[in-house]
Every structure is written in structure tokens, then in C-alpha cells.
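Have a look at the structure below before the remarks.
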Amino acid sequence: LSNELFYEIFGYLDIYDVYEAFSKVNTRFENLLNDPVLPIRISLSFISKSRFEHYNTNIIIPFQYRITLLHLSNPLIIERLFSPISILLKFIRLENLLLRNIESKYFEELLIHLISLPFLYSLIVSCTDNVQNKNVFYHQIFRLPVLKYCKLSLAGNSQSSPLTMATTEFSPIEYFIINQLYAFLSYT
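For the sequence shown, the numbering used here gives the first residue as 45, with consecutive numbering after it.
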């Protein structure tokens, strides 16, 4: 079978299981798994702390420059993975980032670094706590250079101040899904 076919098959499986099953089979599989062309997609929705530590040490850290999708929903794992927060800059091929159950203060810190990710075109975030000023998030998101899709679930006051009018800034966002429209009424 061709390498491309194996890459396609690997895309349907959890990368951790792929490495566990195929990394020691033979030289060909070892080379396939270590080939920088192979994109790595990681979804850690429900995972124990001990399994995450093993996953982080053996998959995420050594291959962070190959990760194209990252889906995290445990606040402790999010904080552990991005500690220090500047580690996010090493995810240079990251295209899709899904963060569920993140604290708004931590997301605000992450947003500052997301602008440095050259391929991030999809961002889905749901914050667990009330967000006082959602406009801070909106302004940072509009500055992401290649973001095409963004879905935000931000709890909090629905009467936050209107978003200031952008005059010279351009955003490539094509789909922007939010759970509040009040801040955008000034644009209509």
C-alpha cells in the first residue's frame, strides 16, 4: 500500500493509538510515523491525568510542530499543555483549535499568542465563566491573520459596550458565530 493511503487511514485513528500499534512494527512504519508530512490531529476530550502525561511526553511535545488540529475540553489539561503559555508558538502548523471549558482570563492570554500561528484558520471556544468585556476578545480575534471560521460561546452580560468601529483593519473571517449580537449593532 502507498504511504498516502496509510496517512489517510491514520487520519481516522487517534494518533496515540497509531504510534502504539505501528511504531515498532518495522522500519517502514517507523519512517512513516516520523515523516514530517504526516499531520497530527489531537482530540483530548476525556482523558485521565496519567494518560495525558504519557500522551504529552510521547506525542504532543516531540511532534508539536506537526499538530494541525487540537481539541481540548478539560481546563486542567488546557492549562498544563500551554504552560508556559508561550509554548503555543511551537504549534506552527496548527490549523484548527477547539477549546471547551476554558476560563476567560486564560483564553485572553492565549489570544495574544494566537496571532503568531500562520495557519490557524478555525477557532472554536467556549468559556466557563462570565466574560465582563467581550469586545477585548473580538478585537483580538479580528487580528488573527488567516482565521476563516470562529465560533465563540462567551457567557456574561449581554449589555456590554458596542464594539468600536474598525476603520483600516481587515479580517479574513468568513464565518463568525457568537451567542451575542449586541456588540455588533454599531456596525449595522
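No residue lacks a Cβ here, since even glycine has one placed at the ideal position from N, Cα and C.
As the structure is a prediction and not an experimental result, all values here were calculated from the model.
Worksheet entry | Three-pair Cβ contact test at 8 Å for the stretch 60–74 versus the stretch 108–123 | no
Worksheet item: So what does DSSP say about Ile104, is it helix, strand or coil?
Response: helix
Worksheet entry | CA-to-CA distance, Leu164 to Phe96, given in whole angstroms | 24 Å
Worksheet entry | Phe214, buried or exposed, once every other Cβ within 10 Å from all chains shown has been counted against 16 | exposed
Discussion item. How far does the beta strand (DSSP E) with Tyr219 in it extend, from its first residue to its last?
Written reply: Tyr219 to Ile221
Discussion item. Mapping the DSSP letters down to three states, classify Tyr165 as helix, strand or coil.
Written reply: When secondary structure is reduced to three states using DSSP, Tyr165 falls in the coil class, being assigned neither helix nor strand.
Fill in: For Ile84, three-class secondary structure by DSSP
strand
Worksheet item: If you check the beta carbons only, do Asn140 and Leu158 fall under 9 Å apart?
Response: no
Worksheet item: Can you list the beta strand (DSSP E) stretches of 3 or more residues lying completely in the stretch 107–169, in chain order?
Response: 111–116 and 140–146
Worksheet entry | With 16 other Cβ atoms within 10 Å as the buried cut-off, status of Asn47 | exposed
Worksheet item: Taking all protein chains shown into account, do 16 or more other C-beta atoms lie within 10 angstroms of the C-beta of Leu143, making it buried, or fewer, making it exposed?
Response: buried
Worksheet item: From Leu188 to Asn78, what distance separates their C-alpha atoms?
Response: 30 Å
Item to complete: Using the Cα positions of Val62 and Ile111, report the straight-line distance between them to the nearest angstrom.
Response: 15 Å
Worksheet item: With distances taken from CA atoms, which of Leu161, Leu82, Leu167 and Leu191 is nearest Pro216?
Response: Leu191
Worksheet item: Looking at the structure shown, is Thr232 part of a helix, part of a strand, or coil, going by DSSP?
Response: Residue placement at Thr232 is flagged as unreliable, the pLDDT there being 46, under the threshold of 50; the coordinate-derived value follows with that caveat. Coil.
Worksheet entry | Rounded Cβ spacing between Leu161 and Leu138 (contact assumed at less than 8 Å) | 5 Å
Worksheet item: Is the distance from the Cβ of Lys68 to the Cβ of Gln108 below 9 Å?
Response: no
Item to complete: Spell out the partners DSSP gives Ser197 in its beta bridges.
Response: Ser170
Worksheet item: Run through DSSP, which three-state label would Lys178 get?
Response: Residue state for Lys178 is assigned as helix, using DSSP reduced to three classes.
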